[in-house]
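Engineer:
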Amino acid sequence: MTGFAPRSSHVAEVVRIPGRETEFVRDLRSPNRFLVSRAVFTDETVLAREREEVFSKCWIYVGHVSEVPKPGDFVAREVAGRPVLFTRNSAGDVRVLLNSCSHRGAEVCRERRGNQRRFRCFYHSWSFNNDGQLVSMPDEEGFPEGFRKEDHGLAQPAAVGQYRGFVFLTFNEEAEPLTDYLADAKYYLDLTADQAADSVGMIVQPGTHEYSMRSNWKLLAENSSDGYHAIPVHKTYLDVQKSRGDQIAGSTDKDWKQSHAFDLGNGHTVTVKQAPWGRPIARWRPSMGDDTKATVEESYRRLVEVHGEERAQLIANLDFNMLIFPNLVINNIMAVIIRTFYPNTPGHMNVTAWSLAPADESPAARRVRNESFLSFLGPAGLATPDDNEALESCQRGYQSRPGQGWNDVSRGMDKADPPNWDELQMRTFWRRWDELMGGKA
Amino acid sequence: MIDAPDSVQLSSKRYDRARVEDFLYYEAQLLDAWKLEEWRDLFTADGRYVVPATDNPAGDVDMDLNLIDDDLVGLHGRVQRLMSTYAHIENPRSTTARVVSNVRLWDDDSGDLGVRCTVVVYRSRLPGTTSYVADVRYLLRPEDGSFRIAAKHAILGHHTLRDVGGVLSIIL
Chain A
3 MTGFAPRSSH VAEVVRIPGR ETEFVRDLRS PNRFLVSRAV FTDETVLARE
53 REEVFSKCWI YVGHVSEVPK PGDFVAREVA GRPVLFTRNS AGDVRVLLNS
103 CSHRGAEVCR ERRGNQRRFR CFYHSWSFNN DGQLVSMPDE EGFPEGFRKE
153 DHGLAQPAAV GQYRGFVFLT FNEEAEPLTD YLADAKYYLD LTADQAADSV
203 GMIVQPGTHE YSMRSNWKLL AENSSDGYHA IPVHKTYLDV QKSRGDQIAG
253 STDKDWKQSH AFDLGNGHTV TVKQAPWGRP IARWRPSMGD DTKATVEESY
303 RRLVEVHGEE RAQLIANLDF NMLIFPNLVI NNIMAVIIRT FYPNTPGHMN
353 VTAWSLAPAD ESPAARRVRN ESFLSFLGPA GLATPDDNEA LESCQRGYQS
403 RPGQGWNDVS RGMDKADPPN WDELQMRTFW RRWDELMGGK A
Chain B
159 MIDAPDSVQL SSKRYDRARV EDFLYYEAQL LDAWKLEEWR DLFTADGRYV
209 VPATDNPAGD VDMDLNLIDD DLVGLHGRVQ RLMSTYAHIE NPRSTTARVV
259 SNVRLWDDDS GDLGVRCTVV VYRSRLPGTT SYVADVRYLL RPEDGSFRIA
309 AKHAILGHHT LRDVGGVLSI IL
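Just so you know, the protein sequences line up as chains A and B, in that order. Residues in the first sequence are numbered from 3 upward in steps of one, following my numbering. Residues in the second sequence are numbered from 159 upward in steps of one, following my numbering.
(1) Measure the C-alpha to C-alpha separation of residue 293 of chain B and residue 43 of chain A and round it to an integer number of angstroms.
(2) Determine, using beta carbons only, whether residue 245 of chain B comes closer than 8 Å to chain A.
(3) Please list the residues of the region 348-373 of chain A that have a C-beta atom closer than 8 Å to any C-beta atom in chain B, keeping them in chain order.
(4) Tell me whether residue 399 of chain A sits in a helix, a strand or coil according to DSSP, three-state version.
(5) Could one say the Cβ of residue 273 of chain A lies closer than 8 Å to chain B's Cβ atoms, at least one of them?
(6) Quick one: does residue 226 of chain A have its CB under 8 Å from some CB of chain B?
(7) Of all the alpha helix (DSSP H) runs that stay within the bounds of the region 288-365 of chain A, which reach a length of 4 or more residues?
(8) Going by Cα to Cα distance, which pick from A:157, A:232, A:430 and A:66 is closest to residue 268 of chain A?
(9) Quick check for students: name the residue ranges of the alpha helix (DSSP H) that lie wholly in the region 35-68 of chain A, counting only runs of 4 or more.
(10) Does any CB atom of chain D fall closer than 8 Å to the CB of residue 266 of chain B?
(11) What span of residues does the beta strand (DSSP E) with residue 138 of chain A cover, start to end?
(12) Please name the residue in B:313, B:328, B:330 and B:309 whose C-alpha comes closest to that of residue 201 of chain B.
(13) Counting only runs of 3+ residues fully inside the region 162-227 of chain B, write out the beta strand (DSSP E) ranges in chain order.
(14) Rounded C-beta distance between residue 240 of chain A and residue 353 of chain A? I'm assuming under 8 Å.
(15) Using a Cβ-Cβ distance cut-off of 8 Å, determine whether residue 160 of chain B contacts chain A.
(16) Measure the C-alpha to C-alpha separation of residue 325 of chain B and residue 389 of chain A and round it to an integer number of angstroms.
(17) Using the rule of at least 16 other Cβ atoms within 10 Å of the residue's Cβ for burial, across every protein chain shown, is residue 349 of chain A buried or exposed?
(18) In whole angstroms, what is the alpha-carbon distance linking residue 260 of chain A and residue 81 of chain A?
(19) Would you check if the region 280-289 of chain B and the region 298-318 of chain B touch, i.e. whether three or more CB-CB distances between them fall below 8 Å?
(20) For residue 361 of chain A and residue 202 of chain A, which I take to be in contact (beta-carbon distance under 8 Å), what is that distance rounded to the nearest angstrom?
(21) Could you tell me the alpha carbon to alpha carbon distance between residue 264 of chain A and residue 406 of chain A, rounded to whole angstroms?
(22) Below 8 Å on the Cβ atoms is my contact criterion, and I expect residue 162 of chain A with residue 98 of chain A to pass it. Report the Cβ-Cβ distance as a whole number of Å.
(23) Residue 39 of chain A: buried (16+ other C-beta within 10 angstroms of its C-beta) or exposed?
(24) Cβ of residue 225 of chain A within 7 Å of any heavy atom in the ligand SAM?
(25) Measuring straight from C-alpha to C-alpha, what distance separates residue 196 of chain A and residue 317 of chain A?
(26) For residue 414 of chain A, which of helix, strand or coil comes out of DSSP?
(27) Below 6 Å CB to CB, which residues in the same chain sit around residue 137 of chain A once its five sequence neighbours on both sides are set aside?
(28) Please check the pair residue 199 of chain A and residue 305 of chain A, which I expect to be a contact at CB under 8 Å, by giving their CB distance rounded to whole angstroms.
(29) Could you tell me the alpha carbon to alpha carbon distance between residue 314 of chain B and residue 133 of chain A, rounded to whole angstroms?
(30) I need the boundaries of the alpha helix (DSSP H) containing residue 264 of chain B, first residue and last residue.
(31) Output yes if chain B places a C-beta closer than 8 Å to the C-beta of residue 424 of chain A; else output no.
(32) Counting only Cβ-Cβ distances shorter than 9 Å, please list the residues of the region 231-249 of chain A near chain B, keeping chain order.
(33) Can you tell me whether residue 310 of chain B is helix, strand or coil according to DSSP?
(34) Anything in chain B within Cβ reach of residue 88 of chain A, meaning under 8 Å, just list it in chain order.
(35) Output the boundary residues of the beta strand (DSSP E) element that contains residue 159 of chain B.
(36) For residue 66 of chain A, decide whether its Cβ has a neighbour in chain B, counting only Cβ atoms nearer than 8 Å.
Here you go:
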């Protein structure tokens, strides 16, 4: 398997990236050290600046096109903390409307999802179509001369874009096109979208994991691709898999050692490996049960038919944990998880996660996927609750010296091709974050 | 999802409520005492424990994404994990107290006994206390004068897990 490594991965960070020292991040050379100020996890002014410089400037994930398959479908959710309506208008185009009436500001929709042509604000009954245009309100004659309904539509983001079914918005009028913003992350989005061997594509399964953590959002950005924590934090998961017959054996075998971490540009990162666990597409393991072996093997045969052996190998076997800056995680591991998160306060975030699956998956394959997903992932799985505890424990620990202290994120910074249990992926996030935040030197 | 009929006269012709309540209280007591292996052994070989996602309480439990979907193998894994000192979020363990109420019965077409009840779980950890509410449906199978659990579906009475502990690390 080759072809998945970006060019930057051949040169160590300390050689290709100049050192930098700001109030938030110390990226030091000779000696090589990478330190992050603990104040960035607790400081209110940092969060206020993140809302402006990060969440209002970057492209932010909204949802997947499969969530609004038919004209009139809508999903109401928060994106970057803002209530939005993710809709498909009557012409069949995807739209993102800000869920706040142009009249007094109430939400025009308070359902989670549904299908309707109109959104009617309950406060004064102003009605909007699913393009966001104001179509009617009671007693129209009462408004002064020159009042034009076309000036009072629902506000919209500066731009909405999609790539392979993944829909993003930005509030930045000067944002680069989404495809430029995604940089080398597109390669991995392609590998994800191509898991559906047929033209039916991938769907987000019904059932959303909506949970929260009493910790700073950036700790989850780090944790989502942190290979170094896997053995101490997820020992119970690995032990359970081992007792089901999977050869995990200490989990430091070559399986784990053949891993990489890449800088995908614009703060996006990925860690890549062939992990020991099974995958419904298409790596059978004894823990999945003998009766699923044929289903998993069939799913792989279909990938080979459509994409050829070499690409099918990559689609089926390359496990990766990707962070699309700033707050979208797509982990293509024992199943495919889409996870996004947003801070309410410096010490609290909301997390939302979905499972992405081939649309035409058979019930047997779906069972393997769901079992794979739920055994590790999710707020009631065997692993995620312990990540929660680790991150909340960090946040509690920061209170021991409020505003002081530095986290060490130096592992592997002098290596040309560091593995996933080093910390290139976190440093890549932090460098981009620091650049956008304009930390004082 | 176990479909509980909602007729006024809902009851079982075969079992009286007190006997079923005794069993439910016993289950609650095992869970509160962290006797999880004994709890797990209440399940039949084809037993299943399901918690649907909070935004999809009436979905397709087989094709949709649940929060928990354990067959007996899954239950063994969950219990093995929770009994380990490496289940960090449950070390130290939560203190829990379960209140079981609104118990209704029906003779299910499957031949099992259908049970529906409301459960409130008070759960306390050092960082704080929270409570989970669930509409729980069972299919119980009589065995040796008591019951085994053929299915337990716990539908959370929360729209999200936010502000009820953030996650769900205990058994409902």
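A virtual CB, placed ideally from N, CA and C, is assigned to each residue, including glycine.
Structural biologist: Reading from the atomic positions:
(1) 38 Å
(2) yes
(3) 352, 356, 357, 365, 368, 369, 372 and 373
(4) helix
(5) no
(6) no
(7) 295-319
(8) A:430
(9) 46-52
(10) Here chain D cannot be found, since the structure's protein chains are A and B.
(11) 136-138
(12) B:309
(13) 201-210
(14) Going by Cβ atoms, the distance from residue 240 of chain A to residue 353 of chain A rounds to 23 Å, so no, they are not a contact pair.
(15) no
(16) 11 Å
(17) buried
(18) 36 Å
(19) no
(20) 4 Å
(21) 30 Å
(22) 5 Å
(23) buried
(24) As for the ligand SAM, it is missing from this structure, which has no ligand bound.
(25) 7 Å
(26) coil
(27) 129 and 131
(28) 5 Å
(29) 35 Å
(30) Careful: residue 264 of chain B lies outside any alpha helix (DSSP H), inside the beta strand (DSSP E) at 253-265.
(31) no
(32) 234, 235, 236, 237, 238, 239, 241, 242, 243, 245 and 246
(33) strand
(34) Near residue 88 of chain A there are no residues of chain B at all, since even the closest Cβ is about 14 Å away, more than 8 Å.
(35) Unbroken run through residue 159 of chain B: none, as it is neither H nor E.
(36) no
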